[in-house]
Amino acid sequence: MSFDVAVLDVLMPEIDGFELMNIIKKISSDTLIIIHTGMAIPDSIFSDTVGVEVFAYLKKPCKLQVLKDTVARAFSDGVQTNYF
């Protein structure tokens, strides 16, 4: 199974966002990653340290409309094949 877009936090209970990004990219290299986190980490850090390109980086709290617009932009920039 693959997804077009994944919205992830960096700090999560069972697995951290860095590890999950790598797992997602191994399963589906075309999946676009949106980071939505309270941590002040520039998106360039993700691609430099994790080796995973990040489509967008949103700092919490962000307005719901900003999140919606970012996801919509990801879908319009990528290939939409899986809807859940």
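With numbering that gives the first Met the number 0 applied, the sequence shown corresponds to residues 0 to 83, in that order.
Cβ coordinates follow ideal geometry from the N, Cα and C atoms, glycine included.
*For the beta strand (DSSP E) containing T30, list its first residue and its last residue.*
DSSP places T30 outside any beta strand (DSSP E), giving it a letter other than H or E.
*Per DSSP, cross-strand counterpart(s) of T36*: Paired residues: K58.
_If you reduce the DSSP assignment to three classes, tell me which class T80 lands in._
Legend: pLDDT at T80 = 48, less than 50; position of this residue unreliable, value from coordinates given subsequently. T80: coil per DSSP, three-state reduction.
*asked:* Tell me which residue opens and which closes the beta strand (DSSP E) that V4 is part of.
replied: Its beta strand (DSSP E) spans residues V4 to L7.
*V53 (DSSP reduced to helix, strand or coil)*: Under the three-state reduction of DSSP, V53 is assigned to coil, being neither helix nor strand.
*Could you check how far apart the C-beta atoms of F54 and L31 are, in whole angstroms? I think they sit under 8 Å.*
Rounded, the Cβ-Cβ distance is 4 Å, consistent with contact.
*Once you ignore the five residues that flank F74 on each side, which residues in its own chain have a CB closer than 7 Å to its CB?*
The residues D3 and V4, in chain order, have a CB closer than 7 Å to that of F74 in the same chain once the five nearest residues on each side in sequence are set aside.
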